[in-house]
Structure formats: C-alpha cells, structure tokens
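In my numbering, the protein residues as written are 366 to 749.
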Amino acid sequence: MGSQASHSRRRFRTAGVLSVAVLAVVGLVATACSSSDSGSSSVVKAAWIYVGPTNDGGWTQAHDNGRKFAETELGSGVKTTYKENVKEAEVAPVIEDLVKDGNTIIFATSYGYAEPMAAAAAKYPNVKFEQATGDLITAGKTTPANYAEYWGAGEDTLYLSGVAAGKATKNNKIGIEAPFAIPEIIRHINAFVLGAQSVNPAATAKVVWTNDWFNPTAEKQAAESLVSAGVDVIFSHQDSPSAGEVAKANNLPWVGYDSDQSGAYSSVWLTTATYNWGPRYLSRINAVNDKTWKSDNYYGTIADGFTTLATFGTLVSADTKTLIDAELTKAKNAGATSFGWYWGLSDRQDQTGAVKIKKGQTLSQKDLYEMNWFVKGVDGTLKN
C-alpha cells in the first residue's frame, strides 16, 4: 500500500452553508500543520490515519477533504496531521507515534484499524480515538470511554445507485469488484443488487474480490475479468477509480464509490454513493476543545446528510433520474425512518432461495453489521 507520509476514508451535510463550505475546500492543499500557537490551550492537535494515498480519487481523498474542511473552519484553533498508505496490520506503531507527538484526537479511517485503536484508547485515556467503519461497539464489545465509532448508511445510496445500474444493463449482467467479504461490503453489494432488481427483476451480479482496499493494479485486473465474463455494467466498491478506466475503454456504464467521478469519466458514469465527512470531524474537534466530547456510535443517513448520491451521468435517463430523485427525497423527508427502507419491501432470499428477510421486516444497525449472506441473483462466494 506504499510508504507512510505525514502532513498537518466515505460526505456529511448538515445544512446548505456547510455543503457549500465542503465544496469550497475540496482540492485545496493543506499544510502539515496550521500556523498557530501550539502552546495555546485552545489549539487541538488532530491526526488522521489513511489506508491509501490522499489523491486516490476515492475513499481516502474524501476523508482528507473532510480534514481540510475542519482545518479551514477552525483555522488556528486546530493543528492537523495525517499518515497515509498505512497498512492495517502495521497501524499500531503509527498510532503510538501520533500519541507521542501530542495529538489529542486521532481519526482512523479503515476497518482493520479498529482493534489497535481500541487498545490504544485503553492505554492512553487522555486521548480521544475515533474509528471510521468500526463495528466493536455495535457488536457489544467493551470499549474504553475515550473510543468512538462513526459510519453511515452507504447501503441506502448504493441501493439507489443500483437502480441506475438496473436500468442501464441490457443483458442483465452487472459486474461488481469489491475488496473483502466482510459484512460492510456484503450489505453494500446486497443493497446495490436489490436496487437493480427493483427496476429490473432479471438483473444478476457477478462479484470478484481484489483482497485489498486500494490496489489500482488488482482493481483494473478485476474489472477486466468482469468484462471478459460478459457483464455490461460495472460497479467498483474500491478506493480508486481504476475500474472506471476499464469501463471507459470498453464503453460500459460504471458506478464508482466514494467520489464523484462524473467529470473524468463522463462517457460511462452513472452515479454512486458519496460521504461527507467534514462536519463530523469539525464537531468532534470542537467537542474536544470545549470538553464536551463523549463516546458515540454514529451511523449517518440520507436524512441527516451524511450520505448522498453523486452527480448523475449522461447515461442516466430523465425517467430514471426522476425515479431515483423521488426515492432520495422520500428518504430525506422521512428522517430516522428512512434508514434501510427497502430491505423489507418483499421477502428477501439468499443465494440458496432461503428467506433471510421477511416482507415488512426492518433491520437494525446490528443486523446490518452481521450480514454474511448474498441475496438471490448474486454470483459470488463469501470468501476472498
């Protein structure tokens, strides 16, 4: 995953003014440390740990845009730093270094960082540790009071992305490349496929695993194998837009992940789920500064602005846009009840035909975090 680098991972909107602010800071180059008086008690030292590079065009770049947003909003009130390309198996010493450097809040942005982050929280009670995509708290595991987890219902916006894919496919064969067979990815794939099948019941999906979050070479190879298998739409649940290159070369509609790539891949782009991390980072740093920080297990939704859809590409018809926009608006207006509204629309079967979700059933966050089966219509194994 490359070497570590230091400097001062899924978009969250609370209000229009914040949305504008986030867009305004995307692409800004932030310095390793804001010029500020490090001796001032009002200055919070905040650090981020990234699994990929900050210019990956996806997951890590979205998180770093969130860091930049917080830095821009707080100015001299925060001093930020980050480490990029940190392998999950090698994160523990990186956390130690960031603590020793005096950071008072550390954000770790890849799933495999959770256990080392919780261990560090137990060791350093005066430092706040925030884990993106973690599942320790939801699983009921005992975690320190200075450890928190944050994530969101990307499966909901991926369901809507699946609607676009279901409308786009002509042969009913959608290809999906994904990193690891863990509940997070499994529920995302299931939601995406259910979205496609909601408008095209004959739609199927072939899944290929890359065994990595960020590996452009493996991602390209996986996408090429899907093309060889005869798919005519590609969804890449990866941290880089490498599959977009393959889609572009083969003139196939593409659903990306994490980042709006409608500009660079306009000829093949459909849409995708995006995440707005900035206000989460801003609020948590502010909470450290005013001593109101408390452990939480945040799970953002469409309704609270954490996740939304990227720009629609020109391949998405006006009728499809209208259909998706109507669902998106309903989810926004429904508040908390918007969470996973589609799971219980009918009986949901797994690959063997067994009913796993009954019509009318709702799923809890814990149910989602434990999902270990594929919906009917998915051609793929549950092992990497």
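C-beta: ideal position from N, C-alpha, C; glycine also. Predicted model, so just to flag it, every value in this text is computed and none were measured.
| query | result |
| --- | --- |
| Residues near residue 501 by beta carbon distance below 7 angstroms, same chain, minus five either side | 479, 483, 508 and 514 |
| Given residue 516 as reference, the closest of 546, 486 and 550 once Cα atoms are compared | 550 |
| One or two residues paired with residue 414 in a DSSP bridge | 448 and 473 |
| Alpha helix (DSSP H) segment containing residue 674, residue limits | No alpha helix (DSSP H) holds residue 674; the beta strand (DSSP E) holding it covers 672 to 674. |
| Minimum length 3: unbroken beta strand (DSSP E) runs contained in the segment 516 to 540 | none |
| Coil, strand or helix - residue 455 by DSSP | helix |
| Helix, strand or coil at residue 429 [DSSP, three-state] | helix |
| Counterpart residues of residue 713 in DSSP-defined beta bridges | 722 |
| Continuous beta strand (DSSP E) stretch holding residue 640: start and end | 638 to 640 |
| Close Cβ partners of residue 726 (< 6 angstroms) along its chain, the five nearest in sequence each way excluded | 709 |
| Sequence-distant residues of its chain with Cβ nearer than 7 angstroms to residue 421 (five each side left out) | 579, 604 and 605 |
| Cβ pair residue 468, residue 412 closer than 8 angstroms | yes |
| Through-space distance from residue 471 to residue 642, alpha-carbon basis | 14 angstroms |
| Straight-line gap, residue 572 to residue 596 (C-alpha atoms, nearest Å) | 11 angstroms |
| Residue 561 to residue 583 span [Cα, whole Å] | 26 angstroms |
| Endpoints, the beta strand (DSSP E) within which residue 573 is located | 569 to 574 |
| Spatially closest choice to residue 451 from 444, 441, 442 and 462, by CA coordinates | 462 |
| Straight-line Cα distance separating residue 698 from residue 743 | 31 angstroms |
| Other residues of its chain near residue 453: CB distance less than 8 angstroms, five sequence neighbours each side excluded | 416, 475, 476, 477 and 478 |
| Bounding residues of the alpha helix (DSSP H) (the contiguous stretch that carries residue 593) | 581 to 593 |
| Burial state of residue 577, where buried means 16 or more other Cβ atoms lie within 10 Å | buried |
| Bridge partner(s) assigned by DSSP for residue 493 | 470 |
| DSSP-derived helix/strand/coil call for residue 735 | coil |
| Collapsed DSSP secondary structure at residue 744 in the structure displayed | strand |
| Cβ-heavy atom distance, residue 615 to the ligand MG, below 7 angstroms | Among the ligands in the structure shown, none appear at all, so the ligand MG cannot be discussed. |
| Secondary structure of residue 421, DSSP reduced to three states | coil |
| Closest by C-alpha distance to residue 444, when choosing among 651, 607 and 658 | 651 |
| Cutoff 7 angstroms; reference residue 533; Cβ partners in own chain excluding five residues on either side | 598, 618, 635 and 680 |
| Through-space distance from residue 658 to residue 649, alpha-carbon basis | 7 angstroms |
| Opening and closing residue of the beta strand (DSSP E) in which residue 600 lies | 598 to 601 |
| Secondary structure of residue 623, DSSP reduced to three states | strand |
| Contact check, residue 521 vs residue 701, beta carbons under 8 angstroms | no |
| C-alpha distance - residue 414 paired with residue 495, whole-angstrom precision | 10 angstroms |
| Residue 473 and residue 640 closer than 8 angstroms at C-beta | no |
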